[in-house]
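The opening position of the sequence shown corresponds to residue -1 in this note's numbering, with each subsequent residue numbered one higher.
Here is the structure we will look at, set down as structure tokens.
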Amino acid sequence: MTLPPASPRPLPAEHPLSTGWTASAPLVQAYRGVRGVRLPVWFMRQAGRSLPEYRALRTGMGMLDTCLDPALAAEITLQPVRRHGVDAAIFFSDIVIPLRLAGVGVEIAAGTGPVFDHAVRTPADVDALVTTTPPRADDAVLAPIREAVQRTVAELGNTPLIGFAGAPFTLAAYLVEGRPSRDHLAARRLMHADPEAWARLLAWCADVTGAFLRAQILAGASAGQLFDSWAGSLARADYAQHVAPASAGALAHARGLSAPDGTTVPLVHFGLGTAQFLTELKDAGADVVGVDYRLPLDEASRRLGDAVPLQGNIDPALLAAPWPVLEAHARDVVRRGRSAPAHVVNLGHGVPPDTDPVVLTRLVTLVHELGADAAATAQ
């Protein structure tokens, strides 16, 4: 897929990239392919169930209600930055929030995950859904998201905030299945049984989640990440034909947003189990490709021509291993990440809820030490 050049669209004058407040942050520089003295690190799902302060704050609150409370969402986003000293905050939200804001009936069931009032199984179901116009980034329905981002950015200083949105396939898979699924058979069945209905559904999801991501960036996020939880269930050819155009459509909502110096907001594309189509993730319009724990970073970089900044890919399972095992693994990840133009250390998926927060803090310290050692050696 070859995308047309993104038309430059100016960020607000008060945006942290416009003012220069986060422009030189190690994470932003790495996302732009520049290696600095500090090796940046943050963790997917760093805000949430692994933190006792999060559990105390969430008492009596439903997940989706928490995400839509600007004060709570901002505080939860900030908690891991204060505790761990990570190099970025990731906006606290849920993949299905943009669907809720678009009028879809969905709740998070304890022990299950997202459960929808109605599954979208037929072309008629698709037609009924897509008659709903997706919210625009500046619509009133997204006001809680914009306020939460603004509150967060006001507290972060020069630490950048990363905007977060689920990729169209993951949203569509939830809608078609009506709840979490292991194999997404119903979604893949619709994809092949009625490609036109599937394309309409994916295009609608792309606009819903793209506007959600754009709203966060315009409100102050210094980068954006499109997260595809379930694309790994697809064959490469199916992803390229039936999904990649919608992912490109979602990212297009944020592509080209630029600071006064002409630099654009960097975009990250991550998919779980997507090692077979990393190039498609990049070609959808991303500046950075996230790599899960299944593929060594040097091999991922090779597949991308050693020309793309990478993010990843410590195995989350090893967070519970003895420290020497985790340390050796982290050192290997950092070593392999040197094959890429730049590297942001992360997990190959999210932080497990039973992770000891002390381990995460210790891991951040280790990564920063390894980055400083490498920079000193290079001098």
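The beta carbon of each residue, even a glycine, is placed where N, CA and C say it ideally should be.
Bear in mind that the values here come from a model prediction, so they are computed numbers and not experimental data.
Spatial neighbours of residue i within its chain, please: CB distance less than 7 Å, with the 5 preceding and 5 following residues excluded, ordered by chain position.
| i | result |
| --- | --- |
| residue 397 | This structure cannot speak to residue 397, because the chain is shown only from -1 to 377. |
| residue 380 | Because the chain spans -1 through 377 in this model, residue 380 falls outside it and cannot be assessed. |
| residue 305 | 339 |
| residue 184 | 119, 174, 175 |
| residue 24 | 34, 36, 38, 85 |
| residue 101 | 130 |
| residue 302 | 276, 277, 280, 287 |
What are the boundary residues of the alpha helix (DSSP H) that includes residue i?
| i | result |
| --- | --- |
| residue 327 | 321 to 335 |
| residue 225 | It is not in any alpha helix (DSSP H) - residue 225 instead sits in the beta strand (DSSP E) that spans 221 to 226. |
| residue 26 | 24 to 29 |
| residue 154 | 141 to 154 |
| residue 259 | Note, residue 259: premise wrong, no alpha helix (DSSP H); not H, not E. |
| residue 214 | 193 to 217 |
| residue 95 | 95 to 99 |
| residue 281 | 276 to 281 |
| residue 92 | Here residue 92 belongs to no alpha helix (DSSP H), and DSSP marks it neither H nor E. |
| residue 239 | 234 to 240 |
| residue 124 | 121 to 128 |
| residue 304 | No alpha helix (DSSP H) holds residue 304; DSSP gives it neither H nor E. |
In terms of residue numbering, what span does the beta strand (DSSP E) encompassing residue i cover?
| i | result |
| --- | --- |
| residue 269 | 265 to 269 |
| residue 67 | It is not in any beta strand (DSSP E) - residue 67 carries neither H nor E in the DSSP assignment. |
| residue 12 | Residue 12 -> no beta strand (DSSP E), and no H or E assigned at all. |
| residue 386 | The requested residue 386 does not occur in the structure, where the chain is confined to residues -1 to 377. |
| residue 49 | Segment: none, residue 49 is in no beta strand (DSSP E) and carries neither H nor E. |
| residue 163 | 159 to 164 |
| residue 112 | 111 to 114 |
| residue 312 | 308 to 312 |
| residue 341 | 341 to 345 |
| residue 287 | 286 to 288 |
Can you give the Cα-Cα distance for residue i and residue j, rounded to whole angstroms?
| i | j | result |
| --- | --- | --- |
| residue 144 | residue 28 | 26 Å |
| residue 85 | residue 162 | 16 Å |
| residue 280 | residue 68 | 32 Å |
| residue 340 | residue 8 | 26 Å |
| residue 14 | residue 32 | 19 Å |
| residue 319 | residue 298 | 25 Å |
| residue 47 | residue 53 | 6 Å |
| residue 6 | residue 267 | 20 Å |
| residue 77 | residue 30 | 26 Å |
| residue 95 | residue 323 | 37 Å |
| residue 90 | residue 186 | 29 Å |
| residue 157 | residue 151 | 8 Å |
| residue 259 | residue 99 | 34 Å |
| residue 212 | residue 135 | 6 Å |
| residue 133 | residue 66 | 15 Å |
| residue 165 | residue 109 | 23 Å |
| residue 336 | residue 367 | 15 Å |
Please classify residue i as buried or exposed, where buried requires at least 16 neighbouring CB atoms within 10 angstroms.
| i | result |
| --- | --- |
| residue 81 | buried |
| residue 289 | buried |
| residue 175 | buried |
| residue 245 | buried |
| residue 347 | buried |
| residue 240 | buried |
| residue 61 | buried |
| residue 328 | buried |
| residue 278 | buried |
| residue 257 | buried |
| residue 92 | buried |
| residue 356 | exposed |
| residue 182 | buried |
| residue 334 | buried |
| residue 149 | buried |
| residue 242 | buried |
| residue 369 | buried |
Compute the beta-carbon to beta-carbon distance between residue i and residue j, rounded to the nearest angstrom, for a pair I have assumed lies under 8 Å.
| i | j | result |
| --- | --- | --- |
| residue 365 | residue 39 | 4 Å |
| residue 206 | residue 169 | 7 Å |
| residue 293 | residue 338 | Rounded, the Cβ-Cβ distance is 13 Å, inconsistent with contact. |
| residue 45 | residue 75 | 6 Å |
| residue 343 | residue 332 | 7 Å |
| residue 234 | residue 274 | 5 Å |
| residue 159 | residue 87 | 5 Å |
| residue 317 | residue 353 | 5 Å |
In chain order, what residues of the same chain have a beta carbon less than 8 Å from the beta carbon of residue i, not counting five sequence neighbours either side?
| i | result |
| --- | --- |
| residue 265 | 221, 222, 223, 224, 249, 252, 253, 283, 284, 285, 286 |
| residue 73 | 55 |
| residue 208 | 163, 247, 248, 249, 250, 251, 252 |
| residue 199 | 118, 124, 127, 128, 170, 173, 174, 188 |
| residue 325 | 364 |
| residue 105 | 60, 62, 112, 113 |
| residue 51 | 77, 81 |
I'd like the list of long-range same chain contacts for residue i, defined as Cβ closer than 6 Å, with 5 residues on each side in sequence excluded.
| i | result |
| --- | --- |
| residue 227 | 168, 270 |
| residue 345 | 41, 42, 312, 314 |
| residue 153 | 76 |
| residue 310 | 288, 289, 344, 346 |
| residue 115 | 103 |
If you measure from the beta carbon of residue i to each beta carbon in chain D, is any gap under 8 Å?
| i | result |
| --- | --- |
| residue 242 | Looking at the structure shown, chain D is missing, and only one protein chain is on hand. |
Cβ of residue i versus every heavy atom of the ligand HEM: is any distance shorter than 7 Å?
| i | result |
| --- | --- |
| residue 150 | Ligands displayed in this structure: none; no statement on the ligand HEM is therefore possible. |
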